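*Asks:* Under this note's numbering, the residues of the sequence shown are numbered 27 to 393, in order.
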Amino acid sequence: MTTSQKRKTRHATKVIHLVDDTKPGGVMRFLDHLTTTANQAEVGLGKQEVMVIKRGTWLAPQLDVDVIVSHLSVSWINLPFFLSLRNRHTNAHIIHVEHSYSAGFMEHNVSNKKRFHTLLSTTYALCNRVIAVSEGQAQWMRDNALLSPQRLSVITPRVDLTPMLALSPSEARLPYPDQPVTIGVIGRMHNQKGLDLLIDAFRLMDLPNLKLQITGGGPEEARLRVRAQGNTNIHFADYTDNPTAAYAACDIVAIPSRWEPFGLVALEARAAAKPLMVTLVDGLTEQADPSYAITAPKATVEDWATALSNLTGANLSAMGRRGRLSVMPNDIRYIQQWQRAMTPRSRKKSSSQSRKGTKNVTSHTPA
Numbered sequence: 027m028t029t030s031q032k033r034k035t036r037h038a039t040k041v042i043h044l045v046d047d048t049k050p051g052g053v054m055r056f057l058d059h060l061t062t063t064a065n066q067a068e069v070g071l072g073k074q075e076v077m078v079i080k081r082g083t084w085l086a087p088q089l090d091v092d093v094i095v096s097h098l099s100v101s102w103i104n105l106p107f108f109l110s111l112r113n114r115h116t117n118a119h120i121i122h123v124e125h126s127y128s129a130g131f132m133e134h135n136v137s138n139k140k141r142f143h144t145l146l147s148t149t150y151a152l153c154n155r156v157i158a159v160s161e162g163q164a165q166w167m168r169d170n171a172l173l174s175p176q177r178l179s180v181i182t183p184r185v186d187l188t189p190m191l192a193l194s195p196s197e198a199r200l201p202y203p204d205q206p207v208t209i210g211v212i213g214r215m216h217n218q219k220g221l222d223l224l225i226d227a228f229r230l231m232d233l234p235n236l237k238l239q240i241t242g243g244g245p246e247e248a249r250l251r252v253r254a255q256g257n258t259n260i261h262f263a264d265y266t267d268n269p270t271a272a273y274a275a276c277d278i279v280a281i282p283s284r285w286e287p288f289g290l291v292a293l294e295a296r297a298a299a300k301p302l303m304v305t306l307v308d309g310l311t312e313q314a315d316p317s318y319a320i321t322a323p324k325a326t327v328e329d330w331a332t333a334l335s336n337l338t339g340a341n342l343s344a345m346g347r348r349g350r351l352s353v354m355p356n357d358i359r360y361i362q363q364w365q366r367a368m369t370p371r372s373r374k375k376s377s378s379q380s381r382k383g384t385k386n387v388t389s390h391t392p393a
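#1: Report the three-state DSSP secondary structure of residue 96 (helix, strand or coil).
#2: What residue does the beta strand (DSSP E) around residue 74 start on, and which one ends it?
#3: In or out: residue 154 buried (at least 16 other Cβ within 10 Å) or exposed?
#4: With residue 178 as the anchor, note down where its beta strand (DSSP E) starts and where it stops.
#5: Indicate whether the contact test is met: 3 or more Cβ pairs, each with one atom in the segment 360-371 and one in the segment 173-181, closer than 8 Å.
#6: Check the DSSP bridge columns for residue 262 and list the partner residues they point to.
#7: Identify every run of the alpha helix (DSSP H) within the segment 185-215, keeping only runs that are complete inside it and at least 4 residues long; order them along the chain.
#8: Do residue 190 and residue 298 have their C-beta atoms closer together than 8 Å?
#9: With three or more C-beta pairs closer than 8 Å as the rule, is the segment 121-140 touching the segment 268-276?
#10: Any idea if residue 183 is buried or exposed, counting beta-carbon neighbours within 10 angstroms, 16 or more meaning buried?
#11: Quick one, which of 88, 362 and 108 has its alpha-carbon nearest residue 97's?
#12: Within 10 angstroms of the Cβ of residue 301, are there 16 or more other Cβ atoms? Answer buried if so, exposed if not.
#13: Taking the alpha-carbon of residue 93 as reference, which of 104, 81 and 72 has the nearest alpha-carbon?
#14: Label residue 104 either buried or exposed according to how many other C-beta atoms from any shown protein chain fall within 10 Å of its C-beta, with 16 as the threshold for buried.
#15: Which residue wins for smallest C-alpha separation from residue 209, given the options 85, 337 and 48?
#16: Could you have a look at residue 91 and say whether DSSP puts it in helix, strand or coil?
#17: Rounded to a whole number of angstroms, what is the C-alpha to C-alpha distance between residue 170 and residue 288?
#18: Helix, strand or coil for residue 231? Go by DSSP, reduced to three states.
#19: Just the C-alpha distance for residue 163 and residue 286, rounded to the nearest angstrom, thanks.
#20: Would you call residue 78 buried or exposed, if buried means 16 or more other Cβ atoms sit within 10 Å of its Cβ?
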């Protein structure tokens, strides 16, 4: 090993990601992609590990790391853990990635907004940096003064899009309804996802040659199956940990969510060259360009019925190709964003001073 290699090894940054929800889904797939990419030596993000924390744990483990990245849910029951984490790692650079909360979440789930803001601002104050997963989510944080703008970054999640990019564009080359069209819904069946709204809108409309294929599972599945009874054009398929086949089986992907901080399915659908139907909420608004998306202004049955009627005349094949062009991989920029987020502000300042030739030294303390 050369001297430079030894120096690089000795100073390699140690990073640990903390999770409390390991159910198959967006967070774990995003984290798998990030850690796999980051552990490639040439990208310079240090050694990445993942630790599972039982929800409700009060005492944080003592970790011999430089950077701690929280993917934990922020709640009153988890607040003692965040306090302990900060107290036991005064010199560590602590980052929190906000996967859960957004303006849409607050609208549909929070009655006491002042109490909710107190929880978030208290937790965020314990972190050196907070990562928002979309510009919409970041703006909601700014509007509600949940943390100082200097400690807020926006990094949109990525997963391995290779299987989706390999799919052929939609076979629906004729404008609907001249050719049968399958609308795909892919993901967890939960109240958040608004599938009840889409099913009700679908049942309201008399649209020939249109099928609705719902792939996934979750707490709302039984209720949704009952809701869809009697409509032979609505079909359900079991959850799969390989969604590529589900994207391949449809012509357009619908995301009728009530709230969606980012919307990983929208990213994957665009990579799969499938046009979108989305509610204009939270992070989905940033993935709803009219060149490849049909939109519902709000998460209501009426707006989704209108969106379904707007399928008429749509060139889905052309829309899908435009959607794919919007997500061509840019892992270099993605890694650079994480490099900046994982670098403590004190270290950035020291590097800047060194380049200017100053002899001042900035201590490594939490920003």
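In this text, a Cβ means the ideal position worked out from N, Cα and C, and glycines have one as well. In this text the structure is predicted, and so the values were computed from the model without any measurement.
*Replies:* So, to answer that:
#1: strand
#2: 73-78
#3: It is buried - the Cβ of residue 154 has at least 16 other Cβ atoms within 10 Å.
#4: 178-180
#5: yes
#6: 240
#7: 188-191
#8: Between residue 190 and residue 298, the C-beta gap is smaller than 8 Å, which places the two residues in contact.
#9: no
#10: It is buried - the Cβ of residue 183 has at least 16 other Cβ atoms within 10 Å.
#11: 108
#12: Its Cβ being crowded by 16 or more others within 10 Å, residue 301 is buried.
#13: The residue with the shortest Cα to Cα distance from residue 93 is 72.
#14: buried
#15: 337
#16: Residue 91: coil per DSSP, three-state reduction.
#17: 19 Å
#18: coil
#19: 9 Å
#20: exposed
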